[in-house]
Amino acid sequence: MKLRNREVNVFSMSALDLFASAMGAFMFLAIIALPFFPNTGSSPESISEIKKELDAAKAESTQTKKELASAQKSLEEAKQELAEGINKYPIELVITIDISGSMAVPLQRLKDAIKRLTIEVPKVTREFKIGVVAYGGDGKFITVPSVVITKASRAGFIQQIDALELLPGETDVPEAVSNAMAMFSPPNDKVRKAYVLIGDVGPYEMIGSRSFDIYAISEAQANILINSGRGVQVSKNYEAEILNSVSSFISGNKLRSVMAMYTGNATRRGDSSYNIIALTKPHSIPFFKAVSKKGGADNGHYSEEPSEMLSMLLIAVLAAS
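Below, the structure is given as structure tokens:
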């Protein structure tokens, strides 16, 4: 009898073992990972909740769109109202600026700003009128008469502005302000008026405005006073005169604004006018601020930065309400 072959196919057994091992590993991993798989079944309750959330989201989106549309409409109405308000009444701007020896930078800034204003402001108002009173040393004035800016008049006006030059010496601020106020048209509730005062020294250089001659003080005395922050003693008589003029302008005009700019911080030690400016600074800054405050919380504006000349003039013009 032939003996049965008892040899086992090694390859077949290894394949079965490998398959069984793989199945075992898969089952083992599946058992471990089972808790991390959520129940994917959807009960009627969960479907209902999802629908409610979707409906709420849609309602919220619709409300947001309505609010956005309302806000957009309000913005457009505000823009239209602003444009109509600006365009409704003529605008008058009168500027008083110190052109003594220390005012080179502010004067150039003003020239540049006026050139831009005379281009842009007529675009948004039916009439723009502007005049300048420049006050220099020894009581000298250069007046650029107030004129309505048109294509025909602008060139001549700008030519006069470009011709403004520095006039060193003691300045007469009160008379300059008085001349500027006289340049405005008579009180009229349908004319927007803006007044601007620019300088680096208050009304303290005229005779009688100080307790001693600033120009005769020694360098050593000046340094002591400047370093102490006390400055010199001055009379406030001329301050009151100017502030009264500005108050009369405010009370006599319904649509008005006031802007004052102190430019003394631009002067550096060693400049010819440095001592004068530094010695009067403790008084000059409060004075210019007091001028701006005459315009009130909404219509009074103050700055110490000549670089802000254009923006401040625009604010003064647009705030006249």
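Residue numbers for the sequence shown follow our numbering, so the first one is -2 and each next one is one higher. Even for Gly, the Cβ is constructed at its ideal location relative to N, Cα and C. Values in this document were obtained by computation on a predicted structure and should not be read as measured data.
Test item: CB-CB of residue i and residue j under 9 Å
{"i": "I239", "j": "D95", "result": "no"}
{"i": "R189", "j": "V288", "result": "no"}
{"i": "D193", "j": "M100", "result": "The sequence given here places Val at residue 193; Asp does not occur at that position. Cβ distance not < 9 Å, so V193 and M100 don't count as in contact."}
{"i": "G153", "j": "T140", "result": "no"}
{"i": "I214", "j": "L276", "result": "yes"}
{"i": "I158", "j": "K108", "result": "yes"}
{"i": "K85", "j": "R123", "result": "yes"}
{"i": "Y299", "j": "F285", "result": "yes"}
{"i": "S182", "j": "E301", "result": "no"}
{"i": "G134", "j": "E167", "result": "yes"}
Bridge partner(s) assigned by DSSP for residue i
{"i": "Y201", "result": "According to DSSP, which records beta bridges pairwise, Y201 is partnered with nothing at all."}
{"i": "R189", "result": "I88"}
{"i": "D95", "result": "Y132"}
{"i": "G196", "result": "Y259"}
{"i": "I139", "result": "A131"}
{"i": "Y235", "result": "According to DSSP, which records beta bridges pairwise, Y235 is partnered with nothing at all."}
{"i": "V144", "result": "I127"}
Residue i versus residue j: straight-line alpha-carbon distance, rounded
{"i": "V130", "j": "I221", "result": "35 Å"}
{"i": "S206", "j": "N234", "result": "Since pLDDT at S206 reaches only 49, below the 50 mark, its modelled position is unreliable, and the value read off the structure follows with that caveat. C-alpha separation (whole angstroms): 7 Å."}
{"i": "A56", "j": "K48", "result": "12 Å"}
{"i": "E236", "j": "Q156", "result": "33 Å"}
{"i": "L164", "j": "K70", "result": "53 Å"}
{"i": "M258", "j": "T264", "result": "14 Å"}
{"i": "A217", "j": "N224", "result": "11 Å"}
{"i": "A294", "j": "N250", "result": "16 Å"}
{"i": "F246", "j": "T61", "result": "48 Å"}
{"i": "A191", "j": "T59", "result": "46 Å"}
{"i": "L252", "j": "K187", "result": "7 Å"}
{"i": "S208", "j": "V145", "result": "With a pLDDT of only 45 at S208, under the threshold of 50, the placement of this residue in the model should not be trusted; the figure read from the coordinates follows. Spanning the two alpha carbons is a distance of roughly 44 Å."}
{"i": "F125", "j": "N185", "result": "15 Å"}
{"i": "A317", "j": "S254", "result": "5 Å"}
{"i": "S248", "j": "A219", "result": "40 Å"}
{"i": "M180", "j": "D268", "result": "33 Å"}
{"i": "E46", "j": "A54", "result": "12 Å"}
{"i": "P103", "j": "S304", "result": "8 Å"}
{"i": "P171", "j": "I92", "result": "14 Å"}
{"i": "S97", "j": "Q105", "result": "13 Å"}
{"i": "K148", "j": "I312", "result": "23 Å"}
{"i": "K112", "j": "S67", "result": "39 Å"}
{"i": "S143", "j": "S150", "result": "11 Å"}
{"i": "G226", "j": "G292", "result": "29 Å"}
Contacts around residue i, its chain only, beta-carbon distance under 6 Å, and the 5 residues preceding and following it disregarded
{"i": "A110", "result": "M306, L307, L310"}
{"i": "G136", "result": "D169"}
{"i": "F138", "result": "Y132"}
{"i": "N176", "result": "V130"}
{"i": "G297", "result": "V255, S289, K290"}
Residues near residue i in its chain [Cβ-Cβ closer than 7 Å; skip 5 each side]
{"i": "H280", "result": "G199, Y201, G228, V231"}
{"i": "I274", "result": "S99, D197, V198, G261, T264"}
{"i": "Y271", "result": "T264, R265"}
{"i": "S242", "result": "V174, S175, M178"}
Near the ligand NAP: residue i beta-carbon under 8 Å from a heavy atom
{"i": "R253", "result": "Annotation note on the ligand NAP: not contained in the displayed structure, which lists no ligands."}
**Item:** 4-residue-minimum alpha helix (DSSP H) runs that sit fully inside the segment 247 to 289, ordered along the chain
**Value:** Within the segment 247 to 289, not a single complete alpha helix (DSSP H) segment reaches 4 residues in length.
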